[in-house]
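Take a look at the structure set out below.
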Amino acid sequence: MTAVYFREGSKVKKGDLLVKIYDEDLQAQLRRSEIQEKMLAEKLGRQRVLLSRDAVSREAFDQLQTDYNVILADINLLKVRIAETEVRAPFDGVIGFRFVSEGAYVTPQVKIAHLIDQSYLKLEFAISEKYVSENLMGKRISFETQGYREEFFATVYAVDYRIDQSTRTIGLRARFDNRAGKLVPGMFASLTLITDEKMNALQVPTEAIVPEMNEKKIWVARNGRAELVPVVAGARTASSIEITSGLSAGDTVLTTGLMHLRQNMAVRVNITD
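Last residue of the sequence shown? That's 346 in the numbering used here, and every number before it is there in order.
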C-alpha cells in the first residue's frame, strides 16, 4: 500500500479516494501498450490506403485490424486493473479506526478501516406473538437511549412473522432518520411500539395513579387544596397512562407525596416539566 488519504473519524463522500495500492508495474505495462497502440494505429491507417489501391491483401489488413483490437482490449484491461488499486468510498459515511499503514502488504481479505453510514439506522426488536394479527408495517415506535434525555421515533419497515419458538415472539425492524447524527450504531434502546395514536389525548405519569378497590383515582390541586378524583384509564406506556374520563385539560395533577395527602388538604404546588 503506497498511500492513505483519510483520517480516522473523518467524513467521506461516495467515490473519495481512501487508499492507493502499488501499481508501478501496471503503469509500465500500460505505457508500453499505449506506444504499441499508437504504432499500430499509424500502420493501420497506411494499410487502409494501400487496401483501397489493392496494394495489400484483405487477409493481411484484417490481421492488422485484429492486432489493433487486441492491444485496445489490453489497454482497457490494464486501466481496469489500475483502477482496482484505488480503494474508494462506496457510500457517504464516517471512517472509524484505521487497521493498516503505508507500506503494508494487503490482500482483498485485509481490513483497511470501518466505514459507517449513520444517516439512517436500523432498530431490531421483538414483540409478543399476540400481535401477529396486527398490521405492523408502517407503525411508529418511540425509543430512548442512554446518554440522551430525549424521545426518538422510528418507523417499522419489515416484519418477520416466523414465531421464535423459545421466546414466542416475532421480529421487527424499524428505520430511524439519523441525518442529524445524534445516535451511533450499536446503541441499546428501550422502545414502545405505537399501535394506535389519538390526538389531544390526556396523559399523566403512571405514578400519579392511585388504585383504590376497583377504581383508579388521581390527586389534583384545585383552589389550593388536594382533591382525589376517580378517573377512567385508557392506553398506557412505560411512563404514562391515558385518562379518558375524570380529568380536564389544565388540571394540576399531583405526583409526589401522595401517601401523605388527605381530601381537602391545603397543598403548595411546584410545577415540573
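We put the CB at the ideal spot given by N, CA and C, even for glycine.
Proximity winner among Asp269, Leu117 and Lys290, relative to Thr279 (alpha-carbon distances): On the sequence shown, position 206 is the one that residue 279 refers to. Residue Lys290 is the option with its Cα nearest to Thr279.
For Glu285, three-class secondary structure by DSSP: Locating residue 285 in the sequence shown gives position 212, counting from the first residue. If DSSP states are grouped into helix, strand and coil, Glu285 belongs with the strands.
Reduced DSSP secondary structure (H/G/I, E/B, other) of Tyr178: On the sequence shown, position 105 is the one that residue 178 refers to. Coil, per DSSP.
Three-state secondary structure assigned by DSSP to Tyr95: Locating residue 95 in the sequence shown gives position 22, where the first residue counts as 1. Tyr95 falls in the coil class under three-state DSSP.
Continuous beta strand (DSSP E) stretch holding Lys152: start and end: Mapped onto the sequence shown, residue 152 falls at position 79. From DSSP, Lys152 is part of no beta strand (DSSP E) but of the alpha helix (DSSP H) over Arg131 to Ala156.
Those residues which DSSP pairs with Pro303 across a bridge: Mapped onto the sequence shown, residue 303 falls at position 230. Lys290.
Bridge-paired residues (DSSP) for Ser351: Because the chain here runs from 74 to 346, residue 351 falls outside it and cannot be looked at.
Pairwise C-alpha distance: Glu223 and Glu207: Locating residue 207 in the sequence shown gives position 134, counting from the first residue. Locating residue 223 in the sequence shown gives position 150, counting from the first residue. Cα-Cα distance, rounded: 28 angstroms.
The segment 273-287 / the segment 311-323 touching (three or more Cβ pairs under 8 angstroms): yes
Residues near Lys86 by beta carbon distance below 8 angstroms, same chain, minus five either side: As a first step, residue 86 must be located in the sequence shown, where it is residue number 13. Once the five neighbours on either side are set aside, the close Cβ partners of Lys86 are Ala162 and Asp165.
Start-to-end residues for the beta strand (DSSP E) that takes in Leu320: Reading the sequence shown from its first residue, position 247 is the one you call residue 320. No beta strand (DSSP E) holds Leu320; DSSP gives it neither H nor E.
Rounded straight-line distance, which links the Cα of Thr268 to that of Gln276: Residue mapping note: residue 276 aligns to position 203 of the sequence shown, counting from 1. Residue mapping note: residue 268 aligns to position 195 of the sequence shown, counting from 1. If I take the Cα positions, the gap works out to 16 angstroms.
Secondary structure of Leu266, DSSP reduced to three states: Against the sequence shown, residue 266 aligns to sequence position 193. Correct three-state label for Leu266: strand.
Candidates Leu301, Lys271, Ala253 and Thr329, of which the one nearest Gly307 by Cα: On the sequence shown, position 234 is the one that residue 307 refers to. Closest by alpha carbon: Lys271.
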